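Peer 1: I have a structure here, written as structure tokens, and I will follow up with some questions on it.
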Amino acid sequence: MSKPGTLYLVPAPLDFGCDTQVALDRVLPAATLEIASSLQHWVCENAKSTRAYLKRIGLTHPLCQPLQAMHLQELPHEVHKKGDHQGHFDARHLLQPAVQGANMGLVSEAGMPAIADPGSSVVRAAHDLGLRVVPLVGPVSLLLALAASGLSGQSFAFVGYLPSTPAERSQRIRELESLALKTGQTQLFIETPYRNQAMQHALLQTLQHNTRMATASGLTLESAACYSDLAKNWKHKAWTLANTVPTVFAIGR
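Note that the working numbering has the sequence shown beginning at 654, numbered continuously upward.
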């Protein structure tokens, strides 16, 4: 019986959906690119974007197989939308190449898979199957944003997306603010880019004046912008978020 393969968690650049792309060697170490180029079997969020990513890798690190020969398995659409962290999706069937001895890659559209993205069910399945799991080095937007926020990096929570309806969103902001001010725990969340300005407006209308609010937009791009100040000062500084660039939001004290 062949030795089981390894599941590599392969980070992707954070420029997905942006107008410009960053050179891969600026955000991903050579070792990560070398391992990614050696993999033929993948579990991914989206096959089209994964092929585009592999094509970029192949420009500097020759791929082990032509793109047409790559074996790409997409996570089911409902896993994307409802999340696969609840334990209801059994991903073991996606890892059969690794069970049979082939190394595999897990990739999302941007950043580290299974962090604010689908993939945890695949990692869980790999552990259940006794496979070796190796996370590779690369950008994680949440940690980059936290480091740039000036808020507590000793205690923090990522809470995903906030409600899209104004009343529910404001109520959720108040809940998170109360928790942050009471415990000192930084609260991180994200939004679909076209709602960035709506989220900014909601935060500034809802937060107490002395609550600190931070944003990190377009991380790793030349146009990256990180802002952090008390809510009462944001309005005077006239900072505006673009509705086209992925942004991480954070509040705390």
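Ideal placement from N, C-alpha and C gives every residue a C-beta, glycine not left out. Please read all numbers here as calculations on a predicted model, not as lab measurements.
According to DSSP, is histidine 746 part of a helix, a strand, or is it coil?
Peer 2: Here the question's residue 746 lines up with position 93 in the sequence shown. Note: histidine 746 maps to helix in three-state DSSP.
Peer 1: On the DSSP letters alone, give me the boundaries of the beta strand (DSSP E) that leucine 725 sits inside.
Peer 2: One-based indexing of the sequence shown puts residue 725 at position 72. First-last of the beta strand (DSSP E) with leucine 725: 724 to 727.
Peer 1: List the residues that DSSP assigns as beta-bridge partners of proline 788.
Peer 2: Working through the sequence shown from its first residue, we reach residue 788 at position 135. Answer by DSSP bridge pairing, in chain order: Leu662.
Peer 1: For valine 696, tell me which candidate among Ile843, His780, Val776, His854 has the shortest Cα-Cα distance.
Peer 2: Locating residue 696 in the sequence shown gives position 43, counting from the first residue. It is Val776 whose Cα lies nearest to the Cα of valine 696.
Peer 1: My understanding is that threonine 659 touches arginine 785, with C-beta atoms under 8 angstroms, so please give their C-beta distance in whole angstroms.
Peer 2: Here residue 659 refers to the residue found at position 6 of the sequence shown. Here residue 785 refers to the residue found at position 132 of the sequence shown. Yes, they are in contact, since the Cβ atoms of threonine 659 and arginine 785 sit about 4 angstroms apart, within 8 angstroms.
Peer 1: Assuming the contact rule is C-beta atoms closer than 8 angstroms, arginine 865 and arginine 906 should be a hit. Round their C-beta distance to whole Å, please.
Peer 2: Counting from 1 along the sequence shown, the entry for residue 865 is found at position 212. Counting from 1 along the sequence shown, the entry for residue 906 is found at position 253. Contact holds; Cβ gap of about 6 angstroms.
Peer 1: Grab the span of the alpha helix (DSSP H) containing tyrosine 847 for me, first residue to last.
Peer 2: As a working note, residue 847 is residue 194 in the sequence shown. Run containing tyrosine 847: none; DSSP gives neither H nor E here.
Peer 1: One question on the structure: do isoleucine 904 and alanine 851 come within less than 8 angstroms of each other, judged by their Cβ atoms?
Peer 2: Residue 904 sits at position 251 when you count from the first residue of the sequence shown. Residue 851 sits at position 198 when you count from the first residue of the sequence shown. Cβ distance not < 8 angstroms, so isoleucine 904 and alanine 851 don't count as in contact.
Peer 1: Whole angstroms are fine: how far does the CA of serine 870 sit from the CA of leucine 667?
Peer 2: Position 14 of the sequence shown, counting from 1, holds the residue named residue 667. Position 217 of the sequence shown, counting from 1, holds the residue named residue 870. Going by the C-alpha atoms only, they are around 10 angstroms apart.
Peer 1: Among Met757, Ala798, Ala683, Ile843, which one has its Cα closest to the Cα of glycine 813?
Peer 2: For the purposes of this step, residue 813 is taken as residue 160 along the sequence shown, with counting starting at 1. That would be Ile843, whose Cα lies nearest to the Cα of glycine 813.
Peer 1: State the Cα-Cα distance for the pair leucine 872 and alanine 798, rounded to the nearest angstrom.
Peer 2: In the sequence shown, counting from the first residue as 1, residue 872 sits at position 219. In the sequence shown, counting from the first residue as 1, residue 798 sits at position 145. Straight-line Cα distance between these residues: approximately 8 angstroms.
Peer 1: Using the Cβ count rule (16 or more neighbours within 10 Å means buried), how would you classify glutamate 875?
Peer 2: As a first step, residue 875 is located in the sequence shown; it is residue number 222 there, counting from the start. Glutamate 875 comes out exposed.
Peer 1: Could you compute how far the alpha carbon of proline 788 sits from the alpha carbon of alanine 689?
Peer 2: To locate residue 788, count along the sequence shown from 1; it is residue 135. To locate residue 689, count along the sequence shown from 1; it is residue 36. The alpha-carbon atoms of proline 788 and alanine 689 are separated by roughly 12 angstroms.
Peer 1: Can you tell me whether DSSP reads methionine 757 as helix, strand or coil?
Peer 2: The count along the sequence shown starts at 1 and reaches residue 757 at position 104. Three-state result, methionine 757: strand.
Peer 1: Going by C-alpha to C-alpha distance, which of Val675, Glu830, Gly772 sits closest to arginine 745?
Peer 2: In the sequence shown, residue 745 corresponds to position 92, counting from 1. Arginine 745 has its Cα closest to that of Gly772, out of Val675, Glu830, Gly772.
Peer 1: In whole angstroms, what is the alpha-carbon distance linking histidine 862 and histidine 889?
Peer 2: As a first step, residue 862 is located in the sequence shown; it is residue number 209 there, counting from the start. As a first step, residue 889 is located in the sequence shown; it is residue number 236 there, counting from the start. Roughly 12 angstroms between the two C-alpha positions.
Peer 1: Near isoleucine 768, which residues of its chain fall below 7 angstroms by C-beta distance, leaving aside the five closest residues on each side in sequence?
Peer 2: The sequence position of residue 768 within the sequence shown is 115, counting from 1. Closer than 7 angstroms at Cβ, skipping near neighbours: Val793, Leu795.
Peer 1: Around the C-beta of leucine 720, are 16 or more other C-beta atoms found within 10 angstroms, so that it is buried, or is it exposed?
Peer 2: On the sequence shown, position 67 is the one that residue 720 refers to. Counting Cβ neighbours within 10 Å, leucine 720 comes out exposed, since fewer than 16 surround it.
Peer 1: Where does valine 966 sit, in a helix, a strand or coil, going by DSSP?
Peer 2: Only positions 654 to 906 of the chain appear in this structure, which leaves residue 966 out of reach.
Peer 1: Against chain C, does asparagine 863 count as a neighbour if the rule is that its beta carbon must be under 8 angstroms from one of theirs?
Peer 2: Given the protein chain composition of this structure (a single chain), no chain C is represented.
Peer 1: Based on Cα-Cα distance, which residue from Lys835, Glu698, Ala891, Ala878 lies nearest to valine 599?
Peer 2: Residue 599 lies beyond the stretch modelled for the chain, which goes from 654 to 906, so this question has no answer here.
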